[in-house]
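S.K.: Anchor point for the sequence shown: position 27 equals 27 in the UniProt record's numbering, and the numbering is continuous, going up by one each time.
Structure provided below as structure tokens; questions to follow.
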Amino acid sequence: MWKSVSALLVWGLSTAAVSQELVLETWRVDDEALWKEQFLPRFQAIHPEITLKLHSQRSADYDRELAERLAAGKAGDLITCRPYDQSLRLFQQGHLLDLTDLPGMENFPSFAKAAWQTDSGAQTFCLPIASVIQGFYFNVDIFNALGLTPPRTRADFFAVLEKVKQDGRYLPLALAAHDSWVVSELGYQNIGPNYWHGEDGRLALINGQARVTDAPYVAAFRELASWRPYIGDHPADATEAQAVDAFAAGKAAMIVAGSWSLAQFTGKVNFGAFPPPVAREGDTCYFTDHTDMGIGINAASPNKEAALKLVEWMANADFAERFSNSVPGFFSLSNHFFELKDPVASTMMGWRDTCDSTLRLGAQFLTRGEPSLTTELAEVSQSVVLGTMTPEAAAARIQQGLASWYPPQKAATRRASLCEADEPLPTLATSAATGTESPFAAP
Numbered sequence: 001m002w003k004s005v006s007a008l009l010v011w012g013l014s015t016a017a018v019s020q021e022l023v024l025e026t027w028r029v030d031d032e033a034l035w036k037e038q039f040l041p042r043f044q045a046i047h048p049e050i051t052l053k054l055h056s057q058r059s060a061d062y063d064r065e066l067a068e069r070l071a072a073g074k075a076g077d078l079i080t081c082r083p084y085d086q087s088l089r090l091f092q093q094g095h096l097l098d099l100t101d102l103p104g105m106e107n108f109p110s111f112a113k114a115a116w117q118t119d120s121g122a123q124t125f126c127l128p129i130a131s132v133i134q135g136f137y138f139n140v141d142i143f144n145a146l147g148l149t150p151p152r153t154r155a156d157f158f159a160v161l162e163k164v165k166q167d168g169r170y171l172p173l174a175l176a177a178h179d180s181w182v183v184s185e186l187g188y189q190n191i192g193p194n195y196w197h198g199e200d201g202r203l204a205l206i207n208g209q210a211r212v213t214d215a216p217y218v219a220a221f222r223e224l225a226s227w228r229p230y231i232g233d234h235p236a237d238a239t240e241a242q243a244v245d246a247f248a249a250g251k252a253a254m255i256v257a258g259s260w261s262l263a264q265f266t267g268k269v270n271f272g273a274f275p276p277p278v279a280r281e282g283d284t285c286y287f288t289d290h291t292d293m294g295i296g297i298n299a300a301s302p303n304k305e306a307a308l309k310l311v312e313w314m315a316n317a318d319f320a321e322r323f324s325n326s327v328p329g330f331f332s333l334s335n336h337f338f339e340l341k342d343p344v345a346s347t348m349m350g351w352r353d354t355c356d357s358t359l360r361l362g363a364q365f366l367t368r369g370e371p372s373l374t375t376e377l378a379e380v381s382q383s384v385v386l387g388t389m390t391p392e393a394a395a396a397r398i399q400q401g402l403a404s405w406y407p408p409q410k411a412a413t414r415r416a417s418l419c420e421a422d423e424p425l426p427t428l429a430t431s432a433a434t435g436t437e438s439p440f441a442a443p
């Protein structure tokens, strides 16, 4: 059985303070100095006996290496948690401590905790830390020189692209089309929520009330295809690093933006941000505000009580403010109020007040089987923007993949093929945390 958080904390208070070193597993390879200079001094003012070192891997290698270290009993005391299924799998395998009763967890809204909860919402296994926001960055100087303003509608967006192209001095839109995940996450899933109305469309796929071959999802692929004339002469060769370099050097007017890249441009180029343009002025805008990072505790750690003290401290307002301002573009998931110092980060966080937020399509449930929605979306999105697959074919492939293993989409495809709209949906269990109906939890 899991040891309860409260019992561990009480046990910790009854022991004498001894020096303890914690190890944090993370994919953020540049955070050693931040912890040493910004976070640990504040924590050690309360708990001077606890120190921390980071074991960092590249993001692309993190999941595999973490799984290997956990299986071998060599993982650190603290685990940086991916959202949803990746961390849920670790919890189900017994690798993460149950943090449901952690003091301070009440500082986080239900949508934030849902990324690190069981399908039923009964157990929470990581403390929510940060989300990332997706949209577009634009070069302020280029826009001013060409008399442009940040586009609000799709018509405005394509007018800007065309004007920059006709000018001939700059790349209209920097897009790393060589890297399929960029085209999916910062292309299709960036503009898509304005077509499928954010959470309404995402949950409709989960619950089998919509199919990827429906008009909104296909229309987003069509817009993605229409970017092709504006992303350079050899888009298939454009890597993420090259796209970043082009925008940072002032050679591109716009770039698809994940807020995690904000620091790569700060101090190098005069830039701003705008959310994905809507169809018509006055339409509700939608953007992706993706729960990205949590912190969990290795259930096999010999230092659980010290780890719990650190994680509990990370739930407070001081850490939320320091983290968000020390790591611009990563936005605290807590309910604490504070001001962001970075103007572009502040602009992006302000979209929460003016637009409706959503998650990426594959965040919940739809990547649990094969073919994975996330993997398939990356492949077909890249093919669409490069012109080797039509939007309709892309949507059909995604739908076929989902219908091959995901129960609600199997039913949706069967209803469509039989033209029996009245066929009842399968009985689904509802998560108490999110209201999302899970085909995997018991009714």
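Just so it is clear, CB atoms sit at the ideal spot from N, CA and C, and this is done for glycine as well.
1. Short of 7 Å in beta carbon distance, which residues of its chain neighbour ASP179, apart from the five on each side in sequence? Order them along the chain.
2. With DSSP collapsed to three states, give me the class of THR213.
3. Roughly how far, in whole angstroms, is the beta-carbon of VAL132 from the beta-carbon of PHE330, given that I think they are within contact range, below 8 Å?
4. Does the distance from the CB of MET293 to the CB of THR80 come in under 8 Å?
5. On a CA-only basis, which of PRO128, PHE365 and SER326 is nearest LEU262? Give me that one, please.
6. Label THR388 either buried or exposed according to how many other C-beta atoms from any shown protein chain fall within 10 Å of its C-beta, with 16 as the threshold for buried.
7. Taking the beta carbon of ALA159 as the centre, do at least 16 other beta carbons fall within 10 Å, making it buried, or is it exposed?
8. Taking 8 Å as the threshold (C-beta atoms), are ALA174 and SER254 in contact?
9. Could you check whether the segment 266-274 touches the segment 66-81, counting it as contact only if at least three pairs of C-beta atoms, one from each stretch, sit closer than 8 Å?
10. Do GLY401 and GLU379 count as a contact pair if the criterion is CB distance below 8 Å?
11. Return helix, strand or coil for ILE191, following the three-state DSSP convention.
12. What's the call for ALA74, buried or exposed, on a 16-neighbour Cβ count within 10 Å?
13. Along the chain, where does the beta strand (DSSP E) that runs through residue 444 open and close?
14. In three-state terms, what does DSSP make of ASP292?
15. Run the CB neighbour count on GLU392, radius 10 Å, all protein chains shown included, and call it buried at 16 or more, exposed below.
16. Output yes or no for whether 8 Å exceeds the beta carbon distance between GLY187 and VAL311.
17. Buried or exposed: which applies to GLY147, given that a residue is buried once 16 or more other Cβ atoms fall within 10 Å of its Cβ?
18. Indicate the three-state DSSP secondary structure (helix, strand or coil) for ALA122 in the structure shown.
19. Output needed for SER301: all residues of its chain with C-beta closer than 7 Å, excluding positions within five of it in sequence on either side, in chain order.
20. Specify whether the segment 39-48 and the segment 80-93 touch according to this definition: at least 3 beta carbon pairs, one from each stretch, less than 8 Å apart.
21. Under the three-state reduction of DSSP, which class applies to ASP356: helix, strand or coil?
M.R.: Walking through what the data contain:
1. THR239 and GLU240
2. coil
3. 6 Å
4. yes
5. SER326
6. exposed
7. exposed
8. In the sequence under discussion, the amino acid at residue 254 is Met, which differs from the Ser named in the question. Yes. Within cutoff.
9. no
10. no
11. helix
12. Note that residue 74 is Lys in the sequence shown, not Ala. Its Cβ having fewer than 16 others within 10 Å, LYS74 is exposed.
13. Nothing in the structure corresponds to residue 444, since the chain is present only between 1 and 443.
14. strand
15. exposed
16. no
17. exposed
18. coil
19. ASP77 and ALA307
20. no
21. strand
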